[in-house]
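A short write-up of the structure that comes next.
Protein chains in written order, with the numbering used here: chain H, 522 to 737; chain F, 522 to 737.
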């Protein structure tokens, strides 16, 4: 985590490779805003350092530093970027219902799907006992598939989450869905529509480049 | 769950007494929109009935039925209600950063604080083993206090979450904070600013009335 003090940038984006930070990172890159990405080394537990906790007291990524202040939480950062770059059309400016459907989908990813995933490696948030941690980890393949089933069978309209329109839901779904195999779910056989959506996202130049440069 | 077919209402709101549905229920009531509240009886497992799952396949409350379709997820419903009633000034219409700070706070409640609470009675979402369930339940007082500490020590600006301005964050914080004692956290001694915010919310006529009528 090295930030050049002299860097004349309007936005700083803190991320770590295997994290959900990928979602808003894709949007940052696609809208073409000037930003600097700063890697937080979870291997060195840098997210718990005083330096980083001064940026995000939650000790998590992503965190977006703007001229107005710092923003955390993926659904909030995604919405912010879409709104300050309305030309991106990543959220509707004039349709509160569609806007709410986008927020609904992202809230489900944030509070249900990401949380199911977090029980694999972040179980200590909710339990101390080693046997219980193992029991929690064991259920992750089942619970991840179960919470993604709703997306597979309905929420994902296709070709994009909201149908023909590409929105902030798409990089977010991609960033969660890329964890499926590591979480014990074979997306291609079990969740083929989500797997297709993943391929569709990977065909976008920004996604492929960010995956290679920052999220390997 | 009895819905009168002849009811000429624009909005139907599905709730259950001890649930997070209280948050958007307060907003629905305060903005003065015409709506009918429909109680879903969790004691009878009604949230898992075919009738209710046709409304919300997640089998959870709240769910808001609008002319455009059904909305779920508290952060999405709160934002929708605030946006379709801009006179309520519950979210800013012209300040993407403040709007994002509101979404950030609500995402934290949704994905971190509510999730910590859910480990008390909803542990089966993430584990099957009985001993593990007990171990998870045991940590709830500690984890709830820990995740609320960030709100107590900083996010809650006072007198309202976003400072002088009352927003959709306030009924949401109230609805989560009322669980604290049942979750083993004495708010008055451990989280006094959150406890004061709770009292401030209870002093609003709508909150007190809804608590007495629907959330006893």
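Think of the CB as a built atom: it goes at the ideal place given N, C-alpha and C, for glycine as much as any other residue.
7 Å CB neighbourhood of residue i in its chain, flanking five on each side removed
i, result
"residue 691(F)", "681, 682 and 722"
"residue 696(F)", "541, 543 and 544"
"residue 547(F)", "692, 727, 728 and 731"
Residue i to residue j span [Cα, whole Å]
i, j, result
"residue 551(H)", "residue 727(H)", "7 Å"
"residue 654(H)", "residue 647(H)", "9 Å"
"residue 700(H)", "residue 724(F)", "46 Å"
"residue 687(F)", "residue 594(H)", "21 Å"
"residue 634(H)", "residue 637(F)", "15 Å"
"residue 702(H)", "residue 662(H)", "9 Å"
"residue 525(H)", "residue 567(F)", "The predicted model places residue 525(H) with a pLDDT of 47, which falls under 50 and marks its position as unreliable, so this point remains unresolved."
"residue 679(F)", "residue 707(H)", "47 Å"
"residue 672(F)", "residue 576(H)", "16 Å"
"residue 674(F)", "residue 571(F)", "44 Å"
"residue 527(F)", "residue 543(H)", "Confidence in residue 527(F) is poor, its pLDDT being 44 and thus under 50, which makes the residue's placement unreliable; the coordinate value appears in the next sentence. The straight-line gap from Cα to Cα measures roughly 48 Å."
"residue 736(H)", "residue 629(F)", "24 Å"
"residue 670(H)", "residue 689(H)", "20 Å"
"residue 665(F)", "residue 639(F)", "10 Å"
"residue 611(H)", "residue 610(F)", "24 Å"
"residue 539(F)", "residue 559(H)", "42 Å"
"residue 529(H)", "residue 605(H)", "The pLDDT assigned to residue 529(H) is 46, lower than 50, so where the model puts this residue is not dependable; a value taken from the coordinates is nonetheless given after this. Those two C-alpha atoms are separated by around 19 Å."
"residue 553(H)", "residue 705(F)", "48 Å"
"residue 645(F)", "residue 579(H)", "26 Å"
"residue 564(H)", "residue 734(H)", "18 Å"
"residue 684(H)", "residue 667(H)", "22 Å"
"residue 549(F)", "residue 615(H)", "21 Å"
"residue 589(H)", "residue 607(H)", "18 Å"
"residue 557(F)", "residue 625(H)", "21 Å"
"residue 652(F)", "residue 709(F)", "32 Å"
"residue 649(H)", "residue 656(H)", "12 Å"
"residue 587(F)", "residue 643(H)", "37 Å"
"residue 617(H)", "residue 617(F)", "15 Å"
Residues near residue i by beta carbon distance below 6 Å, same chain, minus five either side
i, result
"residue 596(F)", "627 and 631"
"residue 698(F)", "715 and 719"
"residue 658(F)", "641"
"residue 531(F)", "555"
"residue 585(H)", "534, 592 and 598"
"residue 712(F)", "669 and 673"
"residue 613(H)", "619 and 620"
Below-8 Å beta-carbon distance, residue i vs any chain H residue
i, result
"residue 648(F)", "yes"
"residue 669(F)", "no"
"residue 565(F)", "no"
"residue 641(F)", "no"
"residue 609(F)", "no"
"residue 605(F)", "yes"
"residue 664(F)", "yes"
"residue 657(F)", "yes"
"residue 660(F)", "yes"
"residue 613(F)", "no"
"residue 551(F)", "no"
"residue 717(F)", "no"
"residue 708(F)", "no"
"residue 698(F)", "no"
"residue 734(F)", "no"
"residue 625(F)", "yes"
"residue 724(F)", "no"
Residue-level contact to chain F via CB, residue i, 8 Å cutoff
i, result
"residue 635(H)", "yes"
"residue 652(H)", "yes"
"residue 537(H)", "no"
"residue 729(H)", "no"
"residue 629(H)", "yes"
"residue 720(H)", "no"
"residue 558(H)", "no"
"residue 544(H)", "no"
"residue 621(H)", "yes"
"residue 703(H)", "no"
Beta-carbon proximity list for residue i, same chain, < 8 Å, skipping 5 on both sides
i, result
"residue 677(H)", "694, 714, 715 and 718"
"residue 561(F)", "522, 535, 536, 537, 567, 568, 573 and 582"
Interface partners of residue i on chain B, CB under 7 Å
i, result
"residue 617(H)", "Considering every chain present, this structure includes no chain B. Its protein chains are H and F."
beta-carbon residue i near the ligand GDP non-hydrogen atom, thresh 7 Å
i, result
"residue 682(F)", "The model on display carries no ligand, and the ligand GDP is accordingly not part of it."
- request: Could you run through the stretch 569 to 597 of chain F and flag, in chain order, every residue whose CB is less than 8 Å away from some CB of chain H?
  value: 578, 579, 587, 589, 590, 592, 593, 594, 595, 596 and 597
- prompt: What residues from the stretch 673 to 696 of chain H come within 8 Å of chain F, judged by C-beta to C-beta, listed N to C?
  reply: 675
- prompt: If we count Cβ pairs, one from each stretch, closer than 8 Å, do we get three or more for the stretch 588 to 608 of chain F versus the stretch 609 to 626 of chain H?
  reply: yes
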